[in-house]
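**Student:** The sequence shown: position 8 = 8 (my numbering), numbered continuously.
C-beta: ideal position from N, C-alpha, C; glycine also.
The structure is given below, and queries will be raised subsequently.
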Amino acid sequence: MVELSIIVLNYNTKDLTLKCIESLINQYEKDIKNGKTELVVADNASSDGSLEALKSSKFNFLFKIVENKENFGFGKGNNKA
1 MVELSIIVLN YNTKDLTLKC IESLINQYEK DIKNGKTELV VADNASSDGS
51 LEALKSSKFN FLFKIVENKE NFGFGKGNNK A
């Protein structure tokens, strides 16, 4: 059962988001792998290659990606995730 959900919202901050994900996985990897924690990354229709970088990340099997088709802003982007 998931005890903690972590949502990361991205909009054209590819490098910062990848560093954030790596840091979160370093901290929570055990809990992510055993299902106690889930990591969700929502992309708000970035145009900087963020989505492709997320999909090809070496950690992509440890987080879910929500592909928003437009920039919904912070609140709605998080709610979609």
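Checking the sheet assignment: what are the DSSP bridge partners for N68?
**Tutor:** Residue 68 sits at position 68 when you count from the first residue of the sequence shown. According to DSSP, N68 bridges with N44.
**Student:** Is it true that the region 19-27 meets the region 51-67, where meeting means three or more beta-carbon pairs spaced less than 8 Å apart?
**Tutor:** Contact between the region 19-27 and the region 51-67 is present, because at least three Cβ pairs lie under 8 Å.
**Student:** From the DSSP output, in three-state form, read off T17 for me.
**Tutor:** To locate residue 17, count along the sequence shown from 1; it is residue 17. If DSSP states are grouped into helix, strand and coil, T17 belongs with the helices.
**Student:** Check N10 in the structure and name its three-state DSSP category.
**Tutor:** Residue numbering aside, residue 10 sits at position 10 when the sequence shown is read from its first letter. The answer is strand: DSSP assigns N10 an E or B state.
**Student:** To the nearest angstrom, report how far apart E3 and N68 are at their CA atoms.
**Tutor:** Taking the first residue of the sequence shown as position 1, residue 3 is located at position 3. Taking the first residue of the sequence shown as position 1, residue 68 is located at position 68. About 25 Å.
**Student:** Measuring CA to CA, which of K30, S47, K33 is closest to K14?
**Tutor:** What you label residue 14 is simply residue 14 of the sequence shown in a count that begins at 1. Per the Cα distances, S47.
**Student:** Should G73 go down as buried or exposed, given a rule of 16 or more other Cβ atoms within 10 Å for buried?
**Tutor:** Here the question's residue 73 lines up with position 73 in the sequence shown. Counting Cβ neighbours within 10 Å, G73 comes out exposed, since fewer than 16 surround it.
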